[in-house]
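Notes to accompany the following structure.
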Amino acid sequence: MPRESKLKKQERLKTIISLLRRYYPDAHCALNYETPEQLLYATVLSAQCTDERVNMVTPHLFEKYPTPSDLADASLEDVEAIVKSTGFYRNKAKNLIAASKDLVEKHNGKLPKTMEEVTALAGAGRKTTNVVLGNAFKIASGVVVDTQVRRLSNRLGLVKHDNPVIIERELNELVPKKHWVMFSHWLIFHGRQVCKARKPKCETCFLEDICPQKI
Numbered sequence: 012m013p014r015e016s017k018l019k020k021q022e023r024l025k026t027i028i029s030l031l032r033r034y035y036p037d038a039h040c041a042l043n044y045e046t047p048e049q050l051l052y053a054t055v056l057s058a059q060c061t062d063e064r065v066n067m068v069t070p071h072l073f074e075k076y077p078t079p080s081d082l083a084d085a086s087l088e089d090v091e092a093i094v095k096s097t098g099f100y101r102n103k104a105k106n107l108i109a110a111s112k113d114l115v116e117k118h119n120g121k122l123p124k125t126m127e128e129v130t131a132l133a134g135a136g137r138k139t140t141n142v143v144l145g146n147a148f149k150i151a152s153g154v155v156v157d158t159q160v161r162r163l164s165n166r167l168g169l170v171k172h173d174n175p176v177i178i179e180r181e182l183n184e185l186v187p188k189k190h191w192v193m194f195s196h197w198l199i200f201h202g203r204q205v206c207k208a209r210k211p212k213c214e215t216c217f218l219e220d221i222c223p224q225k226i
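Just so it is clear: in the sequence shown, position 46 is 57 by the numbering used here, and no numbers are missing.
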């Protein structure tokens with residue numbers, strides 16, 4: 012198909028967002044948490060791991076270490092044992108403890124609310140920071156680009172990149188800022204229920220008529 016102009020892409024995106032909002036009114040962050048700090052820990056653990064697995068691990072972690080101060084003083088071996096099933100557990104455990112120490116020493120035990128301050132914490136890149144700021148504080152710092160968002164934004168013809176940094180930048184330019192937080196949730200829900208990686212259900216997809224894969 013011919014190269015789509017930015018204006019045409021934005022017009023199609025309006026329809027995509029309208030349909031996603033209609034079909035997934037209850038879309039939300041799949042990670043379980045009660046405090047912003049817990050969401051930070053859960054998001055760090057979610058790297059290269061399913062949300063379901065993280066949600067199986069965090070109840071024990073949060074019960075044993077209910078505050079950043081508790082986790083900051085935790086034994087590395089104990090934290091490793093708790094988070095082992097999430098993969099890359101040694102690095103994750105080290106980051107959880109290091110981030111907790113910074114929260115206690117630099118932020119009075121509370122998660123800060125700026126991109127610069129959160130990304131300065133161990134294990135917190137832009138994706139993690141966008142998740143935390145958007146869901147814990149309703150601060151739209153950027154579209155969260157995880158595996159599902161990367162795949163679907165390419166399939167829908169919104170971007171043509173595999174680099175998450177470039178994808179986020181281009182989505183931030185296309186998607187209205189008021190939808191930045193929810194846009195990733197809508198795509199994630201759609202990716203899990205319909206537009207699956209190996210066998211997308213195109214025949215029942217409500218985006219079929221405007222998806223480049225079908226044009």
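C-beta: ideal position from N, C-alpha, C; glycine also.
Does residue i come out as helix, strand or coil in the three-state DSSP assignment?
i: E179; result: helix
i: H255; result: In this structure the chain extends from 12 to 226, so residue 255 is not present and cannot be described.
i: D81; result: helix
i: L169; result: coil
i: I150; result: coil
i: E184; result: helix
i: F194; result: helix
i: V143; result: helix
i: P36; result: coil
i: Q224; result: helix
i: Q59; result: coil
i: T215; result: helix
Does the Cβ of residue i have 16 or more other Cβ atoms within 10 Å, making it buried, or fewer, making it exposed?
i: P70; result: exposed
i: K212; result: exposed
i: R14; result: exposed
i: H201; result: buried
i: R23; result: buried
i: M67; result: exposed
i: S86; result: exposed
i: M12; result: With a pLDDT of only 49 at M12, under 50, the local geometry of the prediction cannot be trusted, and the value read off the model is given with reservation. Looking at its Cβ environment, which holds fewer than 16 other Cβ atoms inside 10 Å, M12 is exposed.
i: S16; result: exposed
i: R203; result: exposed
i: K20; result: buried
i: R161; result: buried
Anyone know if the C-beta pair for residue i and residue j falls short of 8 Å?
i: P79; j: G120; result: yes
i: V103; j: G136; result: Sequence inspection shows Lys at residue 103; the Val mentioned does not correspond to that position. Cβ distance not < 8 Å, so K103 and G136 don't count as in contact.
i: Y44; j: A38; result: no
i: T97; j: L56; result: yes
i: E240; j: L122; result: The question about residue 240 has no answer, for the chain in this structure spans 12 to 226.
i: I221; j: I27; result: yes
i: L182; j: L30; result: no
i: Y35; j: W197; result: yes
i: V156; j: K138; result: yes
i: V154; j: E127; result: no
What are the boundary residues of the alpha helix (DSSP H) that includes residue i?
i: L4; result: Lying before the first or after the last residue shown, residue 4 is absent from the chain, which here runs from 12 to 226.
i: A53; result: P47 to L56
i: H118; result: Y100 to H118
i: R14; result: From DSSP, R14 is part of no alpha helix (DSSP H); its letter is neither H nor E.
i: P130; result: Strictly speaking, residue 130 in this sequence is Thr, with Pro absent from that position. M126 to T130 is the span of the alpha helix (DSSP H), which, as asked, contains T130.
i: L87; result: L87 to V94
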